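Below is one structure, written out as structure tokens; the observations come after it.
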Amino acid sequence: MDSSSVILVSGANGFLGTWIVRQLLEEGYSVRAAVRTMERGAYLKELFKSHGERLEIVAVGDLTEVNAFSDAVKDVYGIIHTASPVTIVADDPEELIRPAVKGVTGILESARDHGTRVRRIVITSSCAAVLDTAYQAVTVSEDNWNDQRVKECQILGHQATGLSKYSASKTLSEQAAWKFVEVNQERILWDLTTIVPPYIFGPIIHDVKTPDSLKSSSQLFYNAVVHNDFAGVPPDKEPSHGWVDVRDVAGAHIRALETPSAGGHRIIVSGGSWVWQDFINTALTLPRSIYIPHPAVTGPGEVKERLITFCTEKQARILNLKLRSMEETVRDILVDYAKRGWYP
-11 MDSSSVILVS GANGFLGTWI VRQLLEEGYS VRAAVRTMER GAYLKELFKS HGERLEIVAV
49 GDLTEVNAFS DAVKDVYGII HTASPVTIVA DDPEELIRPA VKGVTGILES ARDHGTRVRR
109 IVITSSCAAV LDTAYQAVTV SEDNWNDQRV KECQILGHQA TGLSKYSASK TLSEQAAWKF
169 VEVNQERILW DLTTIVPPYI FGPIIHDVKT PDSLKSSSQL FYNAVVHNDF AGVPPDKEPS
229 HGWVDVRDVA GAHIRALETP SAGGHRIIVS GGSWVWQDFI NTALTLPRSI YIPHPAVTGP
289 GEVKERLITF CTEKQARILN LKLRSMEETV RDILVDYAKR GWYP
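Note that this note's numbering numbers the sequence shown so that position 104 is 92, with each residue one more than the last.
If you want it as structure tokens, here you go:
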């Protein structure tokens, strides 16, 4: 895909979406940034004002509405779809599942019917669609699906855990995307790649005024590393999942757009396995000018287990990604906090 191409990015004002927009603009692409309202796009326009007319803001309203993206997909050559619920707070599982599935199928329908120039669509999935919890050491790959969480939501409904509801939404929305491509193969001129990251961490460039406004993994990191608050889980054992830097996930989406052989693939992008103690231990190696430990942290702690390992063969073979170290990510987050006056 030529770097002068126009790329549509949904969820463009989010934690990941803003980094994708930035990297696309820096690489010379023109970007059509889709947000719910024009007010949400004003921050992006100011943030990237040096790129002038190469950034266009479009409001798409409710992502679940039919034809929400019908105008936005016109005359773009690639689509990166990041917009999806990221909360695990919901009573009815359908509060998460419906907008996630509808948002995915809606943009694919618009690309099929109105995106005559589209050649590649990249969708942000999640390792929650692969596996979110393990009770013994396990290695999983793109061949695995988190169907157990879907079954839990079907059986337990409102009583299912928040994590089950979130994981089910990510599983079903990604499966819906692949099913759409299969059913519409003769009607589409584009192919699909899904990027499948675990917990995403990194410095923030989207519109966040205070730490209280942080969401998802960013909020968890702030609470854990700054306040020694691990949301009730043992830091030497949990969450025992994967992690990745937001800047690397953004780059993975762009490489997936540009790499012909990425079409038709799920690609896990993970920097490795971790528990909270890994982040604390890493922060403790940094100069005191960057990290001042919480009073309860007296020194490095033992890591008892890391249970889930994600196979990253595809990220290396297809996308040729070289990811940031945990030290770089933790350092850059803490430096960002200091610049914002959030820490120490």
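By construction, the Cβ of each residue, glycine as well, lies at the ideal position given by its N, Cα and C atoms. Just so you know, these numbers come straight off a predicted model, no measurement behind them.
According to DSSP, residues forming a beta bridge with residue i
{"i": "H69", "result": "S(-2) and I111"}
{"i": "F189", "result": "D233"}
{"i": "W262", "result": "H229"}
{"i": "L208", "result": "For L208, which the question treats as bridged, DSSP gives no partner whatsoever."}
{"i": "R254", "result": "T182"}
{"i": "I45", "result": "A21"}
{"i": "V128", "result": "F298"}
Short CB-CB distance (under 8 Å) between residue i and chain C
{"i": "Y17", "result": "Among the protein chains of the structure shown there is no chain C, as only one such chain exists."}
Burial state of residue i (16 or more Cβ within 10 Å)
{"i": "P87", "result": "buried"}
{"i": "T182", "result": "buried"}
{"i": "H146", "result": "exposed"}
{"i": "E174", "result": "exposed"}
{"i": "Q265", "result": "buried"}
{"i": "L180", "result": "buried"}
{"i": "N269", "result": "buried"}
{"i": "R312", "result": "buried"}
{"i": "E41", "result": "exposed"}
{"i": "L4", "result": "buried"}
{"i": "S(-8)", "result": "exposed"}
{"i": "N134", "result": "buried"}
{"i": "Q303", "result": "buried"}
{"i": "E97", "result": "buried"}
{"i": "I143", "result": "exposed"}
{"i": "G220", "result": "exposed"}
{"i": "V77", "result": "exposed"}
{"i": "H215", "result": "exposed"}
{"i": "P248", "result": "exposed"}
Reduced DSSP secondary structure (H/G/I, E/B, other) of residue i
{"i": "F168", "result": "helix"}
{"i": "A341", "result": "Only positions -11 to 332 of the chain appear in this structure, which leaves residue 341 out of reach."}
{"i": "E293", "result": "coil"}
{"i": "E15", "result": "coil"}
{"i": "T182", "result": "strand"}
{"i": "I278", "result": "coil"}
{"i": "F3", "result": "helix"}
{"i": "T267", "result": "It is worth fixing the name first, because residue 267 is Phe in this sequence and not Thr. Note: F267 maps to helix in three-state DSSP."}
{"i": "K158", "result": "helix"}
{"i": "M(-11)", "result": "coil"}
{"i": "L32", "result": "helix"}
{"i": "T317", "result": "helix"}
Inter-stretch contact (C-beta, 8 Å, three-pair minimum) for the region 105 to 118 and the region 237 to 256: yes
Alpha helix (DSSP H) runs wholly inside the region 72 to 126, at least 4 long, in chain order: 82 to 102
Segment contact flag, the region 231 to 238 with the region 187 to 199, C-beta cutoff 8 Å, min 3 pairs: yes
Inter-stretch contact at 8 Å, needing at least 3 Cβ pairs: the region 59 to 68 / the region -9 to 0: yes
The region 149 to 167 in contact with the region 84 to 98 per 3-pair CB rule at 8 Å: yes
Cβ contact (3+ pairs, closer than 8 Å) linking the region 284 to 299 and the region 212 to 224: yes
Inter-stretch contact at 8 Å, needing at least 3 Cβ pairs: the region 47 to 54 / the region 9 to 21: no
Cβ contact (3+ pairs, closer than 8 Å) linking the region 322 to 331 and the region 272 to 279: yes
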